[in-house]
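Heads up, the thing below is written out as structure tokens.
There are 2 protein chains.
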Amino acid sequence: MRAGRLRVVGLGPGAPEWITTEASEALATATDLVGYGPYLARLTERPGQHRHASDNRQELERARFALELATSGRNVAVVSGGDPGIFAMAAAVMEAIETGESAWRELDIAVVPGITAMQAAAARIGAPLGHDFCAISLSDNLKDWSIIEKRLRLASEADFVIALYNPASKARPERIGDVFVFLRTHKSAATPVIFARAVGRADERLTVTKLGDADPLLADMATLIIIGSSETRPIERPGGAQPFIYTPRGYGARA
Amino acid sequence: MRAGRLRVVGLGPGAPEWITTEASEALATATDLVGYGPYLARLTERPGQHRHASDNRQELERARFALELATSGRNVAVVSGGDPGIFAMAAAVMEAIETGESAWRELDIAVVPGITAMQAAAARIGAPLGHDFCAISLSDNLKDWSIIEKRLRLASEADFVIALYNPASKARPERIGDVFVFLRTHKSAATPVIFARAVGRADERLTVTKLGDADPLLADMATLIIIGSSETRPIERPGGAQPFIYTPRGYGARA
Numbered sequence: 067m068r069a070g071r072l073r074v075v076g077l078g079p080g081a082p083e084w085i086t087t088e089a090s091e092a093l094a095t096a097t098d099l100v101g102y103g104p105y106l107a108r109l110t111e112r113p114g115q116h117r118h119a120s121d122n123r124q125e126l127e128r129a130r131f132a133l134e135l136a137t138s139g140r141n142v143a144v145v146s147g148g149d150p151g152i153f154a155m156a157a158a159v160m161e162a163i164e165t166g167e168s169a170w171r172e173l174d175i176a177v178v179p180g181i182t183a184m185q186a187a188a189a190r191i192g193a194p195l196g197h198d199f200c201a202i203s204l205s206d207n208l209k210d211w212s213i214i215e216k217r218l219r220l221a222s223e224a225d226f227v228i229a230l231y232n233p234a235s236k237a238r239p240e241r242i243g244d245v246f247v248f249l250r251t252h253k254s255a256a257t258p259v260i261f262a263r264a265v266g267r268a269d270e271r272l273t274v275t276k277l278g279d280a281d282p283l284l285a286d287m288a289t290l291i292i293i294g295s296s297e298t299r300p301i302e303r304p305g306g307a308q309p310f311i312y313t314p315r316g317y318g319a320r321a
Numbered sequence: 067m068r069a070g071r072l073r074v075v076g077l078g079p080g081a082p083e084w085i086t087t088e089a090s091e092a093l094a095t096a097t098d099l100v101g102y103g104p105y106l107a108r109l110t111e112r113p114g115q116h117r118h119a120s121d122n123r124q125e126l127e128r129a130r131f132a133l134e135l136a137t138s139g140r141n142v143a144v145v146s147g148g149d150p151g152i153f154a155m156a157a158a159v160m161e162a163i164e165t166g167e168s169a170w171r172e173l174d175i176a177v178v179p180g181i182t183a184m185q186a187a188a189a190r191i192g193a194p195l196g197h198d199f200c201a202i203s204l205s206d207n208l209k210d211w212s213i214i215e216k217r218l219r220l221a222s223e224a225d226f227v228i229a230l231y232n233p234a235s236k237a238r239p240e241r242i243g244d245v246f247v248f249l250r251t252h253k254s255a256a257t258p259v260i261f262a263r264a265v266g267r268a269d270e271r272l273t274v275t276k277l278g279d280a281d282p283l284l285a286d287m288a289t290l291i292i293i294g295s296s297e298t299r300p301i302e303r304p305g306g307a308q309p310f311i312y313t314p315r316g317y318g319a320r321a
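Protein chains in written order, with our numbering: chain G, 67 to 321; chain L, 67 to 321.
As structure tokens, this is what we get:
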């Protein structure tokens, strides 16, 4: 094993109270932090620790740079939003290793998990992920629409709760509108839909609506969307409190 | 809003370093802890704090008891393994509220998310959840086999990575064997399969195999199973190190 170390660290969705002890320690002991600028900006500055900020689009280049740094003997933390393992930096680091220098395979590399956006959104609203679910990224540059449509159709037939990541990219903002149009042909218009924007941050905004009324303009790049199964439903609360939305643990005859 | 408070708190999969700051604070400030005995046993004893341990099967009764305690003015933490929102206590609490006393809807209730087993397993092994995935519980008392089979078939057609929770219950230990037999008719025998048992605990055991060789006896009640998509693959490492398993971010022509 070489001297350098690389940790792919999940910061969670934004609020500092959602960071784990393991992630805090990995950040504190790193000599170098590598990541998207706004994620680095969330972290306390430490004397002697180097920061390498990059653009959000450059995931593979960022991963390669971090692996080179670690190979030179540094203790590197690649900083990721949410959970690095779920539509974030861990897969980019693995891709870089698979296609990169053989020395990178000898490094001490580990992933530090974090709370991902769908968990934060679910916690805010009740328990919409309480039964079988799927998570689909709508990222426009990594997958064709035909694949997304096929998965949405099969996920609807399976009656999974559906969590949608990256619903509105700059390159293809209309895609989420297409998704709602498509899903209305497969699911009831009364299906609960949750728009969870920037959960855990100062500009957090939660909107609960129905599939028949879902407005694509509520989704931006910081939004996570949860679309219920046929069993997902609200629990009304008195005094103007937001209803809980939840999916029961049992299904059909066992519900 | 009534005086009592209820928090449904995720401890993560076992290791104390995977607990979030929010969860630690909710546990420290609770007057009463309610939960499955072994989860309570993980926590530091605090003077004056009451513990109410119960059997693992009694989720709904436990939720009702916690809601009654909170209604009497206590600050209650319902302790859950993993993430309460994913196949754990949050949905049970919601079910109890939906069918219970109207006063319960007026309580200050919130869910505190945690790292769930599939995230811990994925972090240990690379990035198997790096692309679209689904999570299915095989719990035998909440869902018929016909529903499970339908979801496994559609998840295979969608080429999701599949995370299986509760693969081997006491009541129906043979179910996971049926799952492997079924999936072999829908997916390649070379598909990577990860058995992640008790991740983060002293008796942690990770086994990486292929669908064609997957042994149902490797799954017990503490095991989480991840079954790859057609793109999930190993990255070999020198010196006897465990290969990484990962799923690329892109798919098909975009991979």
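No residue lacks a Cβ here, since even glycine has one placed at the ideal position from N, Cα and C.
| Item | Value |
| --- | --- |
| Contact with chain G by E270 of chain L, beta-carbon distance below 8 Å | no |
| Chain L within 8 Å of W84 of chain G, Cβ atoms only | yes |
| Bridge partner(s) assigned by DSSP for H118 of chain L | L:V100 |
| Chain L contacts made by the region 222–237 of chain G, where a contact means CB separation under 7 Å | E223, A224 and F226 |
| Interface residues of chain L facing E161 of chain G [CB-CB closer than 8 Å] | Y312, P314 and R315 |
| Alpha-carbon spacing of G305 of chain G relative to E172 of chain L, whole angstroms | 8 Å |
| Min CB distance T298 of chain L to chain G below 8 Å | no |
| Within the region 159–234 of chain L, ranges of the beta strand (DSSP E) (whole runs, at least 3 residues) | 174–178, 199–203 and 227–231 |
| For E134 of chain G and L218 of chain L, the rounded distance between their alpha carbons | 41 Å |
| Three or more C-beta pairs below 8 Å linking the region 129–144 of chain G and the region 98–110 of chain G | yes |
| One or two residues paired with A312 of chain G in a DSSP bridge | According to the sequence displayed, residue 312 of chain G carries Tyr and not Ala. DSSP lists G:A193 and G:R299 as partners of Y312 of chain G. |
| Contacting residues, own chain, Cβ-Cβ under 6 Å from N232 of chain L (five flanking each side not counted) | S203, L204 and S205 |
| The region 148–181 of chain L: positions lying closer than 7 Å to chain G by Cβ | D149, G151, I152, A156, A157, A158, M160, E161, I163, E164, R171, E172, V177, V178, P179 and I181 |
| Minimum Cβ-Cβ distance from T87 of chain G to chain L less than 8 Å | yes |
| Simplified DSSP state of A255 of chain G, which is helix, strand or coil | coil |
| Within-8 Å CB hit, K276 of chain L to chain G | no |
| Positions along the region 191–203 of chain L whose CB lies within less than 9 Å of some CB in chain A | The question asks about chain A, but that chain is absent: this structure's protein chains are G and L. |
| Within-8 Å CB hit, G306 of chain G to chain L | no |
| Terminal residues of the alpha helix (DSSP H) in which L249 of chain L lies | R241 to R250 |
| Contact set between L220 of chain G and chain L, taken where Cβ atoms lie within less than 8 Å | L220, A221, E223 and A224 |
| Contact under 8 Å by Cβ, A142 of chain L with L93 of chain L | Just to set this straight, residue 142 of chain L is Val in the shown sequence, not Ala. Taking 8 Å as the Cβ cut-off, V142 of chain L and L93 of chain L do not qualify as a contacting pair. |
| Identity of the residue in G:R112, G:S295, G:V159 and G:T87 nearest I301 of chain L by Cα | G:V159 |
| Range of the contiguous beta strand (DSSP E) that encloses T273 of chain L | R271 to K276 |
| Residues that T289 of chain L bridges to, as DSSP identifies them | L:R263 |
| Stretch pair the region 235–248 of chain L + the region 219–227 of chain G: three plus CB contacts closer than 8 Å | no |
| Contact check, L77 of chain G vs Y102 of chain G, beta carbons under 8 Å | no |
| Three-pair Cβ contact test at 8 Å for the region 268–277 of chain L versus the region 160–171 of chain L | no |
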